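For reference, the structure is listed below as structure tokens.
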Amino acid sequence: MAGLGIDLIFRIAAVGILVSVIGQVLKYSGKDEHAFLVSLAGLLLVLFWIVPYISDLFDTIRRLFAI
Amino acid sequence: MFQVAITAIAAALLAVQLKQAKPEYGVYIGLAAGVVILWFTTDQIGQVLSSIELLEQYVQIDAVYWSVLLKITGITYLSEFAGNICRDAGYQALAGQVELFAKILIMALGIPVVLALLETIESLM
Amino acid sequence: MEAGTFLDQFDFTKIEEILNQCGLGDRLSFSGLVGTIVRGNWVELKEMLQSYFGQVFLGDLVYNREILVQAMAAAVFSAVFTTFSSVFRNSQIAENGFLVSYLFLVSLVIASVILSVGIASDVLQTLLTFMRAFIPAFSLALTFTTGSGGALVYDQTIFMICYGVEYGMNLFVIPLVEMNVLLCITNHISKDGLLEKLEGLSESVLNWAMKSMLMAVIGIQMIQNLVVPLLQSRKISLVQKAIGVIPGIGDGVEAVSDIVLGTGMLIQNAMGAGALIVLVLCCAVPLGKLALTALMYQLAAAVIQPVADKRMVETLACAGRAARFLLKMVFVCCVLLFITVALICTAVTGKF
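Protein chains in written order, with my numbering: chain B, 1 to 67; chain Z, 1001 to 1125; chain V, 2001 to 2352.
Here's what the structure looks like:
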């Protein structure tokens, strides 16, 4: 799981950088409203990656501790 | 150990970088790193718990109480994790709420043990 | 008169009943015992006693060792769990872990205390019944052989004193011991000792009660008058010093030992000696069991101390103290009975 772990972090970082760059580009080219949509898209992508991960983890914890 | 250390350092550095441009991504990275490290920790905890279970053979504690202890451990674990993430995101109050809930839940779970203790004491009278 | 027909004249059935109660019946018979003593057959006597004691104590040792092991396991478990839960910032988990293992320990301790109390009150019961059966028969026998009629009067008064003391013990001391253990356990449930002062109070009361009972037994004037002349002998003082060395109860025993040894010399006949042996046998086993329990709990507390929570150690020590109290109590009753038998001997035969 280690590879996947650090992988995830770098991917999120990449998405973040991408989103910020695209946002800057859009701002300078005048299309500010799109910037918000882009950042929202980025958020959704990140969530899409993280949520299954977290749910998996919590399942493991539930199994382990028999909560 | 190394994996955990590298994950944490990488995440911290990236988060610092992103915090200036897009602050929320700092939080996401913190969350992701936390989850990854939690994954490793869970592995280790599993091992510790199974060794403690070996001890259970010698001490004939009722299975009920053992499961209570286990649940309490799990609850503490989760509440600290959630609380810390909230704190990182800057929401101290939320973190406090989560931990409060955990404390109350643990108290509720622990009451049968105290009751059983008092019952045992009463059997002497 | 032939020993056999002489003994046949006495009705030993009640005494045999008591021996059965003690659990001695199947291995020992009173008439057999007296017969052996009358015949002067010391070797056979020694063998009878040895086989009996061996069997009883072996079983007890095994049981006690099991308890010791379980107490240690509980302490280790608690220690491990506490270390493990120090990881979390929340201290509730450590507290709950302690409570669970404390629950286990408490059920162990209480089971053992109930056992000890049962042993002690059983012994008291047996002693009382023994007195009721034996003393009338004994004083009658003495009157029969020496023709003196004063025995019966003495018999009544001494009877009442002893009965009163034993009754008092049953009514006050045993519940007091139980309450002491209860207080000790309840005190340790919470981290700050909320009931500490109360527990200390109950212990002082118990100590005081023990001491005063011991003094009452020794101080009975009649006994003093009888025994003082006998104390001139040097052999007695040597035995006294030897007894005083026994750890744990040595100091209490030394205080009574002059009375005990003095009165021992008053008992001049086989029947009295037989009664004394029965007495010692009936009491020796429970005394031994109680002593073993007390010792074992002290041992457990000492062994656990480096590893376990302070409260667990205290609880075990308290259980040991309770066993010691019970031991002292039974011992005092034994001494009382011992003196009674001797007094009747003296009163009737007028011998010194």
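C-beta: ideal position from N, C-alpha, C; glycine also. Just so we're clear, the structure is a prediction, and the values are computed from it rather than from any experiment.
How many whole angstroms separate the CB atoms of residue 2315 (chain V) and residue 2114 (chain V), which I take to be in contact at a CB cut-off of 8 angstroms? Contact between residue 2315 (chain V) and residue 2114 (chain V) is absent: CB atoms are separated by about 15 angstroms, not below the 8 angstroms threshold.
Under 8 angstroms between C-beta atoms, does residue 1042 (chain Z) make it to chain B? Yes, residue 1042 (chain Z) lies at the interface with chain B (some Cβ there is under 8 angstroms from its Cβ).
Using 8 angstroms as the cut-off, can you tell me whether the stretch 2288-2303 of chain V makes contact with the stretch 2061-2070 of chain V, which would need three or more C-beta pairs spanning the two stretches below that distance? The stretch 2288-2303 of chain V, when compared against the stretch 2061-2070 of chain V, does touch it at the 8 angstroms Cβ threshold.
Rounded straight-line distance, which links the Cα of residue 2043 (chain V) to that of residue 2003 (chain V): Because residue 2003 (chain V) carries a pLDDT of 44, less than 50, the predicted location of this residue cannot be relied on, and no value is offered for it.
Residue environment, residue 1023 (chain Z), which counts as buried when at least 16 other CB atoms sit within 10 Å: Around the CB of residue 1023 (chain Z), fewer than 16 other CB atoms lie within 10 Å, so the residue is classed as exposed.
Kindly list, in the order they appear in chain Z, the residues whose Cβ is closer than 7 angstroms to that of residue 2061 (chain V). Counting only Cβ-Cβ distances below 7 angstroms, residue 2061 (chain V) has no contacts in chain Z at all, with the closest Cβ about 20 angstroms away.
Just checking my contact of residue 2318 (chain V) with residue 2127 (chain V) at CB under 8 angstroms: how many whole Å lie between their CB atoms? Between residue 2127 (chain V) and residue 2318 (chain V) the Cβ distance is about 27 angstroms, and since that is not below 8 angstroms, they are no contact.
List the residues of chain B that residue 1046 (chain Z) touches, going by C-beta distances under 8 angstroms, in chain order. The contacting residues are 64.
Is there a Cβ of chain Z sitting closer than 8 angstroms to that of residue 61 (chain B), yes or no? So yes, residue 61 (chain B) belongs to the interface.
Closest residue to residue 1124 (chain Z) among V:2207, V:2181 and V:2284 (Cα-Cα distance): Minimum Cα distance to residue 1124 (chain Z) is reached at V:2181.
Hey, quick one: how far does the alpha helix (DSSP H) through residue 1087 (chain Z) stretch, first residue to last? For residue 1087 (chain Z), the enclosing alpha helix (DSSP H) has its first and last residue at 1063-1088.
Closer than 7 angstroms by C-beta to residue 2076 (chain V): which residues in its own chain qualify, once you throw out the five before and the five after it? Chain order, please. Cβ-Cβ distances below 7 angstroms link residue 2076 (chain V) to 2307 in the same chain, with the five nearest sequence neighbours on each side left out; the list follows chain order.
Exposure of residue 28 (chain B), with buried meaning 16 or more beta-carbon neighbours within 10 Å: Residue 28 (chain B) should be labelled exposed.
Mind reading off the beta-carbon distance from residue 1034 (chain Z) to residue 1085 (chain Z)? Whole number of angstroms is fine, and I expect it under 8 angstroms. That pair is a contact at about 6 angstroms.
Take the Cβ of residue 1030 (chain Z) as the centre, count every other Cβ of all protein chains shown within 10 Å, and call the residue buried at 16 or more, exposed below. Burial call: buried.
Compare the C-alpha of residue 2281 (chain V) against each of V:2107, V:2168, V:2175 and V:2130 and name the closest. That would be V:2130, whose Cα lies nearest to the Cα of residue 2281 (chain V).
Are the C-beta of residue 18 (chain B) and some C-beta of chain Z separated by less than 8 angstroms? No, its Cβ sits nowhere closer than 8 angstroms to a Cβ of chain Z.
Can you pull the chain Z residues whose beta carbon is under 8 angstroms from the beta carbon of residue 2099 (chain V), in chain order? The answer, in chain order, is 1110, 1113, 1114 and 1117.
Quick check on the DSSP output: what are the complete beta strand (DSSP E) runs of length 3 or more inside the stretch 1020-1066 of chain Z, in order along the chain? As far as the stretch 1020-1066 of chain Z is concerned, it has no whole beta strand (DSSP E) run of at least 3 residues.
Looking only at its own chain, which residues have a Cβ that is under 8 angstroms from the Cβ of residue 2205 (chain V), when we skip the five neighbours before and after it? Excluding residues within five positions, the ones whose Cβ falls inside 8 angstroms are 2176.
Note down, in chain order, every chain V residue with its Cβ under 8 angstroms from the Cβ of residue 1080 (chain Z). Correct list: 2088, 2089 and 2090.
Beta-carbon spacing of residue 2187 (chain V), residue 2178 (chain V) below 8 angstroms: By the CB criterion at 8 angstroms, residue 2187 (chain V) and residue 2178 (chain V) fall outside the cutoff.
Beta-carbon proximity of residue 2286 (chain V) to residue 2120 (chain V), cut-off 8 angstroms: Taking C-beta atoms as the reference points, residue 2286 (chain V) and residue 2120 (chain V) count as a pair closer than 8 angstroms.
So, is the C-beta of residue 1001 (chain Z) closer than 8 angstroms to a C-beta in chain V? Not one chain V Cβ lies under 8 angstroms of residue 1001 (chain Z).
What residues from the stretch 1096-1108 of chain Z come within 8 angstroms of chain B, judged by C-beta to C-beta, listed N to C? Along the stretch 1096-1108 of chain Z, there is no position whose C-beta sits under 8 angstroms from a C-beta of chain B.
Which same chain residues end up closer than 8 angstroms to residue 2337 (chain V) when comparing Cβ atoms and leaving out the 5 residues on each side of it in sequence? Result list for residue 2337 (chain V): 2127, 2130, 2131, 2162 and 2279, in chain order.
Residues in the stretch 1050-1061 of chain Z with C-beta within 7 angstroms of chain V's C-beta atoms, listed in sequence order? Taking 7 angstroms as the Cβ-Cβ cut-off against chain V, the residues of the stretch 1050-1061 of chain Z that qualify are 1052, 1055, 1058, 1059 and 1061.
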